[in-house]
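Have a look at the structure below before the remarks.
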Amino acid sequence: MSIKETLIEGLKSKKARIGILGLGYVGLPLAVVFAEAGFHVTGIDPDSRKVALLNKGISYIPDVKTEAVEKLVKSGYLTATADFSALKEMDAVSICVPTPLRKTGDPDMSFILSATDELAKYMHKGMVVVLESTTYPGTTREVLLPKLGIERGLTVGEDWFLAFSPERVDPGREDFTTINTPKVMGGITEACNEVATAWYEGAIRIVHPVSSAEAAEMAKLLENTFRMINIGLVNELAIMCERLGVDVWEVIDAAATKPFGFMKFTPGPGLGGHCIPIDPLYLSWKMKSFHYNARFIELASEINTNMPRYVVSRVMEGLNERGKALKGSKVLVLGAAYKPDIDDVRESPALDVIGLLKQKGASVEYHDPYIQHIHHEMDGWQMDSVKDMMKAVEEADAVVIVTDHKVYDYKTIVECSKFVFDSRNATREFVKGAENIVRL
Ligand SMILES: NC(=O)c1ccc[n+]([C@@H]2O[C@H](COP(=O)([O-])OP(=O)(O)OC[C@H]3O[C@@H](n4cnc5c(N)ncnc54)[C@H](O)[C@@H]3O)[C@@H](O)[C@H]2O)c1
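Heads up: the sequence shown runs through residues 82 to 521, numbered per the working numbering.
Next comes the structure, spelled out in structure tokens:
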């Protein structure tokens, strides 16, 4: 049997050993899905806290149940380590490391590079590697292929196999999770695609092969760019509607009654999370090397980035109408997470809203049921969530709803507030006749 056939047989019989590099929001659910499908999975992460928790059978990702992890750890299907030499034993490795932006707005490839360098030390014939981290088109071929194959004298598509498969996990979502969200798979060669697809089909319901790693990389960027641009569009619509004295939420709900050709997006205080504000900028950065300016991305990014400033200006106006200056006013920000019902504060617009309110001299507090502490690295401030939320609501000159967590009792919040600025339409049911609510 050829190397490819042997590997496919190992993957189909679940005897192949699986390694997951990076055990975060993407890597841990993926590790669990593979382990539940009957593979022996080793998660490898330099974060020893995560490794220790996992080996105790405890999940630290809200979407992954501790009972599931505990069962898999006890039965020996899932284990974790911070020791990269475990890669020596692996047949199939997924890379799920972060791809943030540098302070300059350029891609920060350091995690992909360090994970690839570690993996390169243990590469051997008969391995398949899949990159899951969102990145610019060309990364798999230009960065991983040389380090893992060419420089080690291994021929891709014959001795080993390499593909890109973007992760699409949506934290907090229950109807579509890793197992039932179709997975796009793009191999460096046809044989690479065949092997990687055989592996993922062993655990994930639908695998959608495409003709190249670049097509798969670009598909992910299209998905996230689509969202970023449409959010930019409705954010600008909100600004235009305010000037026109039209209720943007009513307009969007009306447009959404069209059963075809329209998809509902809602405005808000700005983009957040690890993906939507960041991933499209990987594409626009790459396009610069082709002397091409990705205009839609740049424009949407500009509008979205300006939303926290817009929210603060509206809060300032609202206070002004009530005879108050923002400077010296007490402002309570409700919600720090970048979207409702999750504990993730990465890139959250709440951080910018709070920072700008502070800059203007407001006395700012925040509350989030899921996030006890926040800090802003660049601006050097940190805060704890207020303990008594309703007391803070009563005392605030302005309550600013930044994240519409479901657990909040918006009726009581509105009743007890002097002034609410609602950037998410969370108070839609109580807005009629309520003079103290201003919506985005
Ligand atoms: N979080 C999401 O909703 C989401 C959705 C789709 C795609 N993605 C993409 O998936 C990738 C991972 O995102 P995430 O949210 O899981 O990040 P994360 O920060 O939650 O997890 C990444 C993990 O990688 C570990 N790590 C860092 N360097 C490493 C190395 N050299 N070797 C092994 N592990 C290392 C970190 O310690 C961390 O535990 C990113 O490219 C992201 O854009 C994320």
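Glycine included, each C-beta is placed from N, C-alpha and C at the ideal position.
Worksheet item: DSSP state of V243, grouped into three classes?
Response: First, the amino acid is wrong: residue 243 is Leu here, not Val. Residue state, collapsed to three classes: strand.
Discussion item. Distance check for D449 and G354, CA to CA, integer angstroms please.
Written reply: 16 Å
Discussion item. Is it buried or exposed, L303, if we count other Cβ atoms within 10 angstroms and call 16 or more buried?
Written reply: That one is exposed.
Worksheet item: Looking at C-alpha atoms only, which residue of D485, F500, M190 is the closest neighbour of W366?
Response: M190
Discussion item. Taking the straight line between their C-alpha atoms, what separation do you get for L364 and K137?
Written reply: 40 Å
Discussion item. In whole angstroms, give me the CA-to-CA distance for P348 and E117.
Written reply: 38 Å
Practice prompt. Rounded to whole angstroms, what's the CA-CA distance from P361 to A375? Just pull it up for me.
Written response: 9 Å
Item to complete: Kindly identify the DSSP beta-bridge partner or partners of F511.
Response: In DSSP, F511 forms no bridge with anything.
Practice prompt. Report the option in I359, H205, A163, T87 whose CA atom is closest to the CA atom of T185.
Written response: I359
Fill in: Selection from A418, D422, D424 that minimises the alpha carbon distance to D433
A418
Discussion item. Please classify H486 as buried or exposed, where buried requires at least 16 neighbouring CB atoms within 10 angstroms.
Written reply: buried
Item to complete: Could you pull out every residue in the same chain whose Cβ sits closer than 8 Å to the Cβ of D128, ignoring the five residues on either side in sequence?
Response: Around D128: L104, A163.
Worksheet item: CA-CA distance, A201 and I320?
Response: 50 Å
Item to complete: Return yes when the Cβ of L109 is within less than 7 Å of the Cβ of V145, no when it is not.
Response: yes
Worksheet item: Can you list, in chain order, the residues of its chain whose CB lies under 6 Å from that of F245, leaving out five sequence neighbours each side?
Response: L212, T221, G267, A294, A297, E298
Practice prompt. Tell me whether Y106 counts as near ligand 1, meaning its Cβ is closer than 6 Å to at least one heavy atom of that ligand.
Written response: yes
Item to complete: Look at the alpha carbon of V445 and the alpha carbon of R505, and state the distance between them as a whole number of angstroms.
Response: 19 Å
Item to complete: Tell me where the beta strand (DSSP E) around I101 begins and ends.
Response: 98-102
Item to complete: For R183, count neighbouring C-beta atoms within 10 Å of its own C-beta (all shown protein chains included) and say buried if the count is 16 or more, exposed if not.
Response: Its Cβ having fewer than 16 others within 10 Å, R183 is exposed.
Practice prompt. Check whether the Cβ of G219 lies closer than 6 Å to any heavy atom of ligand 1, and answer yes or no.
Written response: no
Worksheet item: Distance, Cα to Cα, F502 vs L415?
Response: 10 Å
Item to complete: Using only alpha-carbon positions, find the residue among Y106, E86, A406 that is nearest to R427.
Response: Y106
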